[in-house]
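A.B. asks: In my numbering, the protein residues as written are 1361 to 2219.
Glycine included, C-beta positions come from ideal geometry on N, C-alpha and C.
Remember, predicted model here, so these are calculated numbers, not experimental data.
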């Protein structure tokens, strides 16, 4: 197996460590954040301003609603709460013996029935426990329950269904098995063993069961049959106050249905048509015992959840939860670096993935924590969410909440649904809300409560954080997460592949190659098998093919390129637009993978060792990849740290870069890059590519947009820099190519057409003089005759309105002969202008490009 070429022996800076890279990225992020201080302040002040507005609004509403309503205000007076003269005694004496104190007016033993409207405004520290009551709708005009014996024409109904009929029959048979009775020693417990109900409508803010405090509204107990005089009164206490309540019997039938769908049809009959006459309001409740048996109780219950007196009334307001607006900040920053190609620019200058993801996630996590702490402190959140988050919240509120509150829905499925991050977040907020409604909120000890599911939610969210981080890493690298399972196998197979073997070689291309290209290819073969120590870049049959799409054929961007660039050489790539120069550069800097072949940079393979290549590489891309809000100095400091420069060495390198490219004077270095002109941005991009003394530098049209003075300064910097490094430079300026490049290669249709230094190329492809002469149109034939006398093999290459250009072989003419011929012609006809020029690189470029395109067209 051939060995890869060895790197140059010239000293190179050691690559920056993990923490050096992390330090550089963190400093850049902090500087970037400092530039956006106003945005950060507005973001943090948003919840503060919002909470101030909410407090002002709440104060205004309280003032309007409580101005003349002393009876409903806690602390507003004692007239309707305390019994008679007890109010004047105050509540201190009673408070010592009873904790159920309202408004300092004594204990609950002094509260009259009319005083219970204060309950929503006053804290009740230890409210009494009441047995559960079914919601019974008010009697219809044709059926009343005013008598002790309910009318047999309209008994109430409870519906049953189950998959196990015998078990269901025994279960609902026990519900009304015994006559109603009271145990006076424990009245509340004995009430709970019976099926009770009330016509009193429940509200959304009931703190005490209203059915026990309205004297004209009895409580009903449900039986199969009611006997005469089945009404009775039972005594109970609120604090030390003795009270009594009437309990009446009402008949209730237990009816079997074959399926839950039959119960649904019967319950909601008439609702879709809006016909209240057809609505069956005598059904109290319904039970679906599902697959219950003697060892397991699994039941779904239908119940009346109406909390308004009229069905036309609107329901209670819904709570809307929205995501943190800080998510927008994180997303914007990540997308900005990706969109502006700053991410790959940092990578090309040595920033590895570890420090990038550690600093990025830690940085944004810190911002998120700070931002959320502000919301927790100020207690409010309001922003507009993404549509997907809005849809998730809507779906969770409509469907997922019902599953959470259902006792029959399997807990395992709840956990499976929480694997979706939106549902896990909703579950956590839901549990927080439930604890806030019933007490002082959730405490750490409540995590051990298996009923709230918070422990599972936190575990799921922690695991998802790791998984999503891994997936984000894979997406950032353009690969599937499953590809890591095959990573070792792929790496092994690629390492054993012989780079010098040309598979599916383009025979037509080899046939058309010129001697200089063949010589370059043979040199590559020799270096791959017998590596030397003075070649920084070796391209071995590099090929890039873009697959065809939408019916188009595949596009071969680079056709088996073989090239050698030694240390200390600047190699210029010339070529028309679309020739493949950018595709070649993209493969060399790691933006794209080669279809076949490979290249070695400092002895490292671009297919498998790009991370190592990045530490010794500098790039000046065709388009300026800069942070608009960072200054020129801050850019160079950041990239210098990535190249492991520290302390005084870093400062000196930055100062020299700024001065050499005229970015130092006039305070330009400390101005934001967004305010730079196009030429200044270009100079800064060149300075970034050279900072840290990289061994290999790629410059894609570095002088674009520069004025002559700046271009001359840039050329001096490049000429000085190429002494101890290899540079590959692309340009459309033939003058720049001749000034900077030691060798040139003309690239046409994906392949090199010629290689050599400028003098060699001009001599090889331009062995002619270009003779230009302008005369009246009538004398054009005389000019042609004169030129043919000078050189029988002269070739006319241009003709327009009396102006003609001819190519004169150098071996056939002498310059003095041409001058004498022109002076003699002036005696016979008018010569407006004339000139004799040697071949330029532009002439060579045009000739080679046209020749290659004609050859391709003919083939």
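Can you give me the Cβ contacts of residue 1760 inside the same chain, cut-off strictly under 7 Å, excluding the 5 residues immediately before and after it?
C.D. replies: Counting only Cβ-Cβ distances below 7 Å, and skipping sequence neighbours, we find 1777, 1783, 1786.
A.B. asks: Kindly give me the distance between the Cβ atoms of residue 2083 and residue 1928, rounded to whole angstroms, as I take these residues to be in contact under 8 Å.
C.D. replies: Indeed, because the Cβ distance is near 6 Å, the residues count as touching under 8 Å.
A.B. asks: Whole angstroms are fine: how far does the CA of residue 2133 sit from the CA of residue 2041?
C.D. replies: Going from the Cα of residue 2041 to the Cα of residue 2133 covers about 43 Å.
A.B. asks: Which runs of the beta strand (DSSP E) spanning at least 3 residues fall entirely within the stretch 2104–2132, listed in chain order?
C.D. replies: Whole beta strand (DSSP E) segments, 3+ residues: 2111–2116.
A.B. asks: Could you pull the DSSP bridge partners for residue 1978 from this structure?
C.D. replies: Answer by DSSP bridge pairing, in chain order: 2057.
A.B. asks: Taking 8 Å as the cut-off, decide whether the C-beta atoms of residue 2122 and residue 2204 are in contact.
C.D. replies: Closer than 8 Å, so yes.
A.B. asks: Whose C-alpha, out of 1923, 1839, 1968, is nearest the C-alpha of residue 2116?
C.D. replies: Comparing Cα positions, the closest option is 1923.
A.B. asks: Within its chain, find whatever has a CB closer than 8 Å to the CB of residue 1792; leave out the 5 residues flanking it on each side and keep chain order.
C.D. replies: Cβ within range, chain order: 1801, 1802.
A.B. asks: Indicate the three-state DSSP secondary structure (helix, strand or coil) for residue 2048 in the structure shown.
C.D. replies: Correct three-state label for residue 2048: helix.
A.B. asks: If I'm right that residue 1615 touches residue 1580 with Cβ under 8 Å, what's the distance once you round it to whole angstroms?
C.D. replies: The Cβ separation is near 19 Å, so there is no contact.
A.B. asks: What residue range is occupied by the uninterrupted alpha helix (DSSP H) comprising residue 1885?
C.D. replies: Per DSSP, residue 1885 belongs to the alpha helix (DSSP H) from 1875–1889.
A.B. asks: Since residue 2070 and residue 2093 are thought to touch, with beta carbons under 8 Å apart, how far apart are those beta carbons, to the nearest angstrom?
C.D. replies: 14 Å between Cβ atoms; not a contact.
A.B. asks: Tell me which same chain residues have a C-beta within less than 8 Å of the C-beta of residue 2057, skipping the five on either side of it?
C.D. replies: Cβ neighbours of residue 2057 beyond the five flanking positions: 1977, 1978, 1979, 1980, 2049, 2050, 2081, 2085, 2086, 2087, 2088.
A.B. asks: Is it the case that the Cβ atoms of residue 2125 and residue 2207 are separated by a distance below 8 Å?
C.D. replies: Contact: yes.
A.B. asks: Check whether the stretch 1548–1555 touches the stretch 1647–1660, taking contact to mean three or more Cβ pairs, one atom from each stretch, closer than 8 Å.
C.D. replies: Short answer: they don't touch.
A.B. asks: Can you tell me the Cα-Cα spacing of residue 1378 and residue 1708, whole angstroms?
C.D. replies: So the alpha carbons of these two residues sit roughly 15 Å apart.
A.B. asks: Specify, as a first and last residue, the run of the beta strand (DSSP E) that residue 1529 falls within.
C.D. replies: Where residue 1529 is concerned, there is no enclosing beta strand (DSSP E), although the alpha helix (DSSP H) it sits in stretches over 1525–1533.
A.B. asks: Excluding five sequence neighbours on each side, which residues of the same chain lie with their C-beta closer than 8 Å to the C-beta of residue 1547?
C.D. replies: Correct list, in chain order: 1594, 1595, 1596.
A.B. asks: Roughly how many angstroms separate the alpha carbons of residue 1774 and residue 1415, rounded to a whole number?
C.D. replies: Cα to Cα, the separation comes out at about 37 Å.
A.B. asks: Can you tell me whether residue 2085 is helix, strand or coil according to DSSP?
C.D. replies: Correct three-state label for residue 2085: coil.
A.B. asks: Who are the near neighbours of residue 2102 in its chain, counting only those whose CB is closer than 6 Å to its CB and skipping five residues on each side?
C.D. replies: Closer than 6 Å at Cβ, skipping near neighbours: 1929, 1930.
A.B. asks: Which residues does DSSP list as the beta-bridge partners of residue 1964?
C.D. replies: BP columns for residue 1964 point to 1961.
A.B. asks: Output needed for residue 1866: all residues of its chain with C-beta closer than 7 Å, excluding positions within five of it in sequence on either side, in chain order.
C.D. replies: Here the model assigns residue 1866 a pLDDT of 46, short of 50, so the residue's position is not dependable, and the following value carries that caveat. Closer than 7 Å at the Cβ level, and outside the excluded window around residue 1866, lie 1919, 1920.
A.B. asks: Please go through the same chain and pick out, in chain order, the residues whose beta-carbon is closer than 6 Å to the beta-carbon of residue 1544, but skip the five residues on each side of it.
C.D. replies: Cβ neighbours of residue 1544 beyond the five flanking positions: none.
A.B. asks: Residue 1661 by DSSP, collapsed to three states: which one?
C.D. replies: Looking at residue 1661 - three-state DSSP - the assignment turns out to be strand.
A.B. asks: In terms of residue numbering, what span does the alpha helix (DSSP H) encompassing residue 1836 cover?
C.D. replies: Here the alpha helix (DSSP H) through residue 1836 covers 1814–1836.
A.B. asks: Helix, strand or coil, according to DSSP, for residue 1992 in the structure here?
C.D. replies: In this structure, residue 1992 counts as helix in the three-state DSSP scheme.
A.B. asks: Considering only residues of the same chain and omitting the five flanking positions on each side of residue 1380, which have a CB-CB separation below 7 Å?
C.D. replies: These residues qualify, in order along the chain: 2001, 2004.
A.B. asks: Around the Cβ of residue 2008, are there at least 16 other Cβ atoms within 10 angstroms (buried) or fewer (exposed)?
C.D. replies: With fewer than 16 other Cβ atoms within 10 Å, it is exposed.
A.B. asks: How is residue 1945 classed by DSSP in three states: helix, strand or coil?
C.D. replies: Correct three-state label for residue 1945: helix.
A.B. asks: Would you kindly work out how many angstroms separate the C-alpha atoms of residue 1835 and residue 1814, rounded to a whole number?
C.D. replies: In a straight line, the C-alpha of residue 1835 is about 31 Å away from that of residue 1814.
A.B. asks: Can you look up residue 2073 in the DSSP assignment and give me helix, strand or coil?
C.D. replies: Three-state result, residue 2073: helix.
A.B. asks: My guess is that residue 2107 and residue 1939 are in contact by the Cβ rule of under 8 Å, so how many angstroms apart are they, rounded?
C.D. replies: Right, the Cβ-Cβ distance comes to about 5 Å (below 8 Å), so this counts as a contact.
A.B. asks: Within 8 Å, do at least three Cβ pairs link the stretch 2012–2030 to the stretch 1957–1971?
C.D. replies: No: fewer than three Cβ pairs fall under 8 Å.
A.B. asks: Between which two residues does the beta strand (DSSP E) containing residue 1902 stretch?
C.D. replies: Start and end: 1895–1906.
A.B. asks: Name the two residues that bound the continuous alpha helix (DSSP H) containing residue 1548.
C.D. replies: Looking at the DSSP string, the run of the alpha helix (DSSP H) that includes residue 1548 is 1547–1552.
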